[in-house]
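Residue numbers (the numbering used here): 46 to 271.
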């Protein structure tokens, strides 16, 4: 259900509550009017009896008026309870619709964050793949250079190449470490707003590790042996 449809239903429920309230007010006014009329009739009958008009007709009229008054009040109480239930039902419906609006707003916000996360993930994946290609290219260059020069260098003259290869491995590991930290911080910066929503299944670190999971292949990749 779209947000506009929910708002329209909330407005309809609000108008229905207002109509019921106006109806109850009108019924109460009518009740007051009828009760006053009955009270006046009862007063007139009692005055007649006080003057000595103790005929059966006056007694019967008084009893009928008193009974009518009781029935009137009883009917009005039943009507009011019915209207109160209708109003409560409409109020609950309005609360439910309000909750749906809030949920829609939260869902849209969460969806926007997920889209941002996917965009960042694609950017990070592209950059990491580019860096991996560079590292592999450097490995190949060192291997090729080592083979080309191996027959020219004696054991005493090749120490600097072994040192250079070791240095390159160290630089590569350091570069991956720094890159991993930088990427993790970037993921944290982008993902932190997502976990502000009240989702009990939102585990920030699990989400961060899931996002970085495709890059675990760098850890499994063995460095070249020189």
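Quick reminder that beta carbons are idealized off the backbone N, C-alpha and C, glycines included.
Please read all numbers here as calculations on a predicted model, not as lab measurements.
Asked	Found
I'd like to check one pair, residue 76 with residue 138: are the Cβ atoms closer than 7 Å?	no
Kindly list the residues whose CB is nearer than 6 Å to the CB of residue 270, restricted to its own chain and excluding five residues on each side of it in sequence; keep chain order.	Residue confidence for residue 270 is low, a pLDDT of 42 falling below 50, so the modelled location carries little weight and cannot support an answer.
Evaluate residue 110 with the Cβ neighbour count: other Cβ atoms within 10 Å of its Cβ, from every protein chain shown; 16 or more gives buried, anything less gives exposed.	buried
Measuring alpha carbon to alpha carbon, tell me which residue in 65, 70, 81 is nearest residue 117.	81
Spatial neighbours of residue 229 within its chain, please: CB distance less than 6 Å, with the 5 preceding and 5 following residues excluded, ordered by chain position.	Residue placement at residue 229 cannot be trusted, given a pLDDT of 49 that sits under 50; what the coordinates show is reported in the next sentence. Excluding residues within five positions, none has a Cβ falling inside 6 Å.
What number of angstroms, rounded off, separates the C-alpha of residue 148 from the C-alpha of residue 69?	34 Å
Where residue 64 and residue 71 are concerned, what is the direct C-alpha to C-alpha distance, given to the nearest angstrom?	11 Å
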